Structure formats: C-alpha cells, structure tokens
Amino acid sequence: MSAYRVACLGWGSLLWDPRTLPMAEGFRAAGPMLPIEFSRVATDGRVTLVIDDSAEPIQTHCVQMDVASLDEAVRELGLREKIAPERIRDWIGVQTRATALQESGGRAEGFHAEIARWLSEQPLDAVVWTALPPRTPDGRLETPSLEALLGHLEGLTGSALSRAEEYIRRAPETVRTPRRRRFEEEFGWSQIP
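Residue numbers for the sequence shown follow my numbering, so the first one is 166 and each next one is one higher.
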C-alpha cells in the first residue's frame with residue numbers, strides 16, 4: 166500500500182466494474198452522502214449515475230487507491246472513465262486534506278462541503294471522484310427530465326437496451342433514487358444483488 170493515501174469515491178459501474186483502477190482493497194459503503202441521480206445519458210445510450218445538485222443525498226462508496234501520488238490517482242481514474250486527457254481537470258473531482266480542513270469550516274458549498282467534511286474525518290491525504298456532468302438524450306449538459314429519460318430508454322433496442330438495463334439493475338442497493346424507482350416500475354428492472 167502506498168504512503169500517499171488517496172481514496173476514490175464511487176456510486177455506479179465503478180463498483181462492479183473497476184477494470185484496471187488500482188485499488189488497495191474493495192469498495193465499501195462508507196463514502197460521503199452526495200446528491201446522486203440517474204441524470205446522464207452516456208454516448209452508448211445508458212442512463213448513468215452522476216452528481217446532480219437537484220438530487221437527494223445517498224450513501225456513496227469509497228476505496229483506498231494503490232497509487233504513489235494524487236496525479237497518479239487522477240490519471241488512473243481518468244483512464245478507467247475513458248476521459249480525454251484535456252477534460253481530466255473538468256471531469257475528475259479532487260479534494261485534498263489541506264483544502265478539506267479549510268473548507269469544512271464553512272467556506273465550501275453544496276456537495277463540495279460534504280466531501281470536505283467527510284475527508285477531514287478520514288485518515289486520507291486526498292479523494293478523487295468522477296465529476297461528469299448531467300447530460301440530456303440530445304447531448305445538452307443539463308439535468309434531463311424524467312420524461313426525457315423514459316422516452317430515451319423506451320427507444321433503445323438490442324445491445325444498447327441491454328447495456329442500459331444492466332447499468333440500472335446493477336447499481337448498488339444504496340442508490341434508491343426516485344428515478345430508479347420509476348425505471349423499476351416502468352420497465353420491471355429490479356436490482357441485481
């Protein structure tokens with residue numbers, strides 16, 4: 166295990182499909198409570214979980230990474246998420262212990278304040294997370310309506326439909342969001358244990 170202690174937060178496919186993410190252990194349901202919802206339509210058609218300021222906070226997961234530096238942690242998470250190098254600074258979130266201790270005193274807002282508070286209570290030097298923004302079915306970087314997502318999912322066929330269903334069904338049990346409940350009602354996509 167590395168002397169530099171950095172954790173990675175997760176709430177979606179990272180938990181069941183970490184691929185080559187260097188982890189010192191497995192994910193645990195011990196991350197901060199963050200506003201997570203099915204609010205991003207991926208390029209392959211899946212409706213994925215992202216931080217969405219309009220969502221209710223849920224329990225996230227965390228894992229200590231097996232890396233030597235914060236830069237390595239950011240790079241490895243970017244590789245796992247297939248984020249173009251020029252977008253890493255935008256789409257990989259980073260919080261260090263030094264800034265967490267300052268921000269947990271009330272200077273950070275929203276979910277950043279919760280991450281800062283959580284990190285200040287952990288035996289870690291830093292934390293990273295996927296910070297992809299919400300995206301509508303037509304590619305706009307904003308939170309899609311539930312109706313738009315239902316219409317999108319209803320229009321999928323073949324492997325795109327299979328991938329979308331698998332993603333929603335494999336989301337961890339801690340992800341009990343209003344949209345997940347609606348997808349279960351509409352499509353019968355119950356959680357896969």
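A virtual CB, placed ideally from N, CA and C, is assigned to each residue, including glycine.
In this text the structure is predicted, and so the values were computed from the model without any measurement.
Buried or exposed for R211, please, with buried defined as at least 16 other CB atoms from any protein chain shown within 10 angstroms of its CB. Within the sequence shown, numbered from 1, the residue matching residue 211 stands at position 46. Buried is the call here.
Would you please state the rounded distance, in angstroms, between the beta carbons of P337 and L180? I believe it to be under 8 Å. Sequence index remark: in the sequence shown, residue 337 carries index 172 (1-based). Sequence index remark: in the sequence shown, residue 180 carries index 15 (1-based). Yes, they are in contact, since the Cβ atoms of P337 and L180 sit about 6 Å apart, within 8 Å.
Going by the CB atoms, is the gap between A194 and Q224 shorter than 9 Å? Within the sequence shown, residue 224 is the residue found at index 59, counting from 1. Within the sequence shown, residue 194 is the residue found at index 29, counting from 1. Result yes, Cβ atoms of Q224 and A194 sit closer than 9 Å.
Would you verify that the beta carbon of G191 is, or is not, closer than 9 Å to some beta carbon of chain C? No chain C is present in this structure, which holds just one protein chain.
My output table needs one value for S269: the three-state DSSP class, helix, strand or coil. Here residue 269 refers to the residue found at position 104 when the sequence shown is read from its first residue. For S269, the predicted structure reports a pLDDT of 49, less than 50, and the residue's modelled location is therefore unreliable. A value from the coordinates is still provided. Residue state, collapsed to three classes: helix.
Run through the DSSP bridge pairs and tell me what I248 is partnered with. Working through the sequence shown from its first residue, we reach residue 248 at position 83. I248 pairs with nothing; no bridge assigned.
My guess is that D283 and G258 are in contact by the Cβ rule of under 8 Å, so how many angstroms apart are they, rounded? Here residue 283 corresponds to residue number 118 of the sequence shown, with the count starting at 1. Here residue 258 corresponds to residue number 93 of the sequence shown, with the count starting at 1. First, the amino acid is wrong: residue 283 is Trp here, not Asp. Not quite, the Cβ-Cβ distance comes to about 13 Å (not below 8 Å), so this is no contact.
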